[in-house]
Amino acid sequence: MPLTVKSRRKRSARIAVTVLSGVLPVLLGVAILYMQAGRVLKQSTEQTAEEALRQFNLMLDNTAEAARVLLPLAGDRCEDAKLALREQVTRRPFVRSTNLVWDNNLYCSSLFGDYQEKVNPGDYTQGQLWLMNGNPVTPNTALLVYRLSDGQKGALTTLDGYHLSNVLRLIGRQTSLLLQVGNNWLSADGKVHDSALPVLPVAQSTRVSEQYAFTVAAGFPEGETWRYMSREYPPLFSLLIFFGVVSGTIGHILQKRASSPSVELQRALEAGEFIPYFQPVVHGDTKKWSGAEVLMRWNHPKEGLVRPDLFIPFAEHSGLIVPMTHSLMQKTAALLAPVSATFEGPFHIGINITASHCRDLELVEDCRVFLSAFAPGSISLVLELTERELIEPTAITLQLFEQLHELGVMIAIDDFGTGHSSLGYLRQFNVDFLKIDQSFVAMIGADALSRHILDSIIELSAKLDLGIVAEGVETEAQSDYLTAHHVNFLQGYLFGRPMPGADFINALSLH
Numbered sequence: 001m002p003l004t005v006k007s008r009r010k011r012s013a014r015i016a017v018t019v020l021s022g023v024l025p026v027l028l029g030v031a032i033l034y035m036q037a038g039r040v041l042k043q044s045t046e047q048t049a050e051e052a053l054r055q056f057n058l059m060l061d062n063t064a065e066a067a068r069v070l071l072p073l074a075g076d077r078c079e080d081a082k083l084a085l086r087e088q089v090t091r092r093p094f095v096r097s098t099n100l101v102w103d104n105n106l107y108c109s110s111l112f113g114d115y116q117e118k119v120n121p122g123d124y125t126q127g128q129l130w131l132m133n134g135n136p137v138t139p140n141t142a143l144l145v146y147r148l149s150d151g152q153k154g155a156l157t158t159l160d161g162y163h164l165s166n167v168l169r170l171i172g173r174q175t176s177l178l179l180q181v182g183n184n185w186l187s188a189d190g191k192v193h194d195s196a197l198p199v200l201p202v203a204q205s206t207r208v209s210e211q212y213a214f215t216v217a218a219g220f221p222e223g224e225t226w227r228y229m230s231r232e233y234p235p236l237f238s239l240l241i242f243f244g245v246v247s248g249t250i251g252h253i254l255q256k257r258a259s260s261p262s263v264e265l266q267r268a269l270e271a272g273e274f275i276p277y278f279q280p281v282v283h284g285d286t287k288k289w290s291g292a293e294v295l296m297r298w299n300h301p302k303e304g305l306v307r308p309d310l311f312i313p314f315a316e317h318s319g320l321i322v323p324m325t326h327s328l329m330q331k332t333a334a335l336l337a338p339v340s341a342t343f344e345g346p347f348h349i350g351i352n353i354t355a356s357h358c359r360d361l362e363l364v365e366d367c368r369v370f371l372s373a374f375a376p377g378s379i380s381l382v383l384e385l386t387e388r389e390l391i392e393p394t395a396i397t398l399q400l401f402e403q404l405h406e407l408g409v410m411i412a413i414d415d416f417g418t419g420h421s422s423l424g425y426l427r428q429f430n431v432d433f434l435k436i437d438q439s440f441v442a443m444i445g446a447d448a449l450s451r452h453i454l455d456s457i458i459e460l461s462a463k464l465d466l467g468i469v470a471e472g473v474e475t476e477a478q479s480d481y482l483t484a485h486h487v488n489f490l491q492g493y494l495f496g497r498p499m500p501g502a503d504f505i506n507a508l509s510l511h
């Protein structure tokens with residue numbers, strides 16, 4: 001998978017985690033507030049239904065008491081009972097009218113006196129209550145009739161719907177409150193409906209009277225929970241958003257810490273921040289420039305140039321050193337190929353590789369593309385084996401070096417004499433150059449033991465017919481000593497520091 005695709009996926013994953021870190025606390029908080037709002041609304045409807053039940057029971061207590069007082073008068077002449085009927089209307093709160101019944105026939109009314117109307121017990125829920133839409137006196141005004149009977153005797157007392165709807169409006173000010181009697185129900189607007197009691201979507205609470213045949217239902221319309229939250233919880237929403245931002249920021253920082261520096265290296269690779277610097281390599285005898293070692297530098301947008309020892313080990317550990325080297329080779333070819341026709345003889349270009357490059361044959365193709373960019377015969381590509389990671393002599397590794405040699409690519413052992421496997425590399429791999437570590441060069445004229453080791457390395461390379469490069473040459477004395485011992489190539493600050501591509505190309509004309 002191309003690095004860009006991988007990096008996009010990783011970046012998308014990081015963004016997703018950051019967003020989730022910020023969104024989840026907000027969603028969790030909103031869910032908690034939603035449940036809390038639901039509990040508050042449920043508690044409100046329960047209290048409302050209980051209060052409405054209590055009020056309706058009190059009203060019906062008055063009508064029931066009036067009926068009990070009048071029931072013994074049923075069967076008496078209306079003229080004799082009329083005064084008693086009107087007295088109950090006057091004395092009892094909420095009682096609108098009273099009536100006497102004999103053998104299911106209403107014959108005496110507090111409103112009309114003598115009156116004839118058939119009474120159908122089936123109209124009354126449990127034989128007790130009838131919620132009417134009106135009567136001949138007030139045809140469009142709700143009326144609740146209470147019936148009490150004993151044999152042929154009966155008494156009817158009525159409650160004006162105004163009092164009932166008034167309770168529904170006042171007690172259920174913020175809720176939908178309904179009174180149900182049998183198949184009929186009364187809404188707060190005072191209208192009686194003969195359909196099924198509607199379902200109240202939010203926090204519905206129902207209470208059934210233990211004394212009388214009616215039911216009270218309280219609840220809220222659809223969306224009331226959100227409306228309640230928007231009305232009551234704005235400060236909490238602001239706090240949740242603040243916590244979400246803080247949580248998302250913390251998640252982003254933790255990801256950055258947990259994934260750095262590999263993520264930062266990957267970002268830098270995609271941004272093209274790794275650039276080639278060139279340090280000249282000169283002939284040991286003539287001191288003319290014979291080539292250059294290509295060194296990777298990180299041109300960080302904020303930090304400037306980052307020292308390689310601060311990022312190369314992380315790049316090797318994360319495996320990013322392979323695409324980073326690939327990018328370095330492309331940039332080197334883009335800089336030097338246009339002037340390669342002016343090179344005198346094969347110009348040596350050294351590029352470091354590690355164990356990560358030796359796990360497949362992709363490096364062969366990279367080298368083939370690199371060489372094809374230059375004028376034929378103008379350069380010699382030298383791959384320098386570093387020893388920060390041990391290179392195992394596997395079948396793939398041996399095949400890799402064989403194919404590289406077939407391309408004309410040469411192999412050098414970098415910092416020879418300091419690693420634990422330098423001699424093993426000489427035995428296992430077909431190498432072309434040894435690069436003497438600068439620590440031995442620095443001891444020339446100062447440390448006899450180091451000088452003897454240096455001499456032994458030079459002698460070993462001569463016996464094995466290997467080219468030799470001395471690194472870290474900083475003084476004329478060191479240069480003269482190495483030249484006297486027939487070291488092929490020299491490299492160090494004495495001949496040139498690592499420099500950007502443009503400066504290196506300009507300096508080429510002088511050397």
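Under UniProt numbering, the sequence shown has 219 at position 219, and the numbering climbs by one with no breaks.
Here a beta-carbon is modelled for each residue, glycine too, at the ideal position from N, C-alpha and C.
Given the structure is predicted, the values throughout are model-derived calculations rather than measurements.
Here F416 has S422, L434, K435, I436, D437 and I457 as same chain residues with Cβ atoms under 8 Å from its own Cβ, once five neighbours each way along the sequence are excluded. Going by beta carbons, A49 and L168 fall outside the 9 Å limit.
With contacts defined as CB atoms closer than 9 Å, A341 and S378 qualify as a contacting pair.
For R231, there is no enclosing beta strand (DSSP E); the enclosing alpha helix (DSSP H) covers residues E224 to E232. Here the C-alpha atom of V369 lies approximately 25 Å from the C-alpha atom of D503. For I505, the secondary structure class from DSSP, reduced to helix, strand or coil, is helix.
In terms of Cβ geometry, I351 and T325 form a close pair [threshold 9 Å]. In the displayed model, G29 falls within a helix according to three-state DSSP.
Under DSSP, I458 forms no beta bridge with any residue. Contact annotation: G154 and V119 have beta-carbon atoms nearer than 9 Å. Between G496 and A507, the gap from beta carbon to beta carbon is short of 9 Å.
Shown here, V145 sits in a strand according to DSSP, grouped into three states. The Cβ neighbour count for V199, taken over all protein chains shown within 10 Å, is under 16; the residue is labelled exposed.
In the three-state DSSP reduction, I275 falls in the strand class (E or B). The way I'd put it, the region 144-163 doesn't touch the region 21-34; fewer than three beta-carbon pairs between them come closer than 8 Å.
DSSP assignment within the region 118-181 yields the following whole beta strand (DSSP E) runs of 3 residues or more, N-terminal first: 129-132, 143-150, 153-160 and 176-181. In the displayed model, G248 falls within a helix according to three-state DSSP. Within the model, the alpha-carbon separation for A268 versus I275 is close to 11 Å. In this structure the region 76-96 does not lie against the region 188-197, because fewer than three pairs of beta carbons, one per stretch, are closer than 8 Å. With at least 16 other beta carbons inside 10 angstroms of its own, R207 counts as buried. Counted as a single uninterrupted DSSP element, the alpha helix (DSSP H) harbouring M329 occupies residues I321 to L336. Of the other Cβ atoms in all chains shown, 16 or more fall within 10 Å of the Cβ of S176; this residue is therefore buried. By the Cβ-count criterion, G408 is exposed, with fewer than 16 other Cβ atoms from all chains shown falling within 10 Å of its own Cβ. In the structure shown, I15 adopts helical secondary structure according to DSSP, grouped into three states.
Burial state of N140 is exposed, judged by a 10 Å Cβ sphere holding fewer than 16 other Cβ atoms. Burial check for Q478: the Cβ neighbour count within 10 Å reaches 16 or more, so the residue is buried. Judged by DSSP secondary structure, T215 falls within the beta strand (DSSP E) whose first and last residues are T215 to F220.
Contact between the region 395-411 and the region 312-328 is absent: fewer than three C-beta pairs spanning the two stretches fall below 8 Å. With at least 16 other beta carbons inside 10 angstroms of its own, S327 counts as buried. Bridge partners of H300 according to DSSP: G304.
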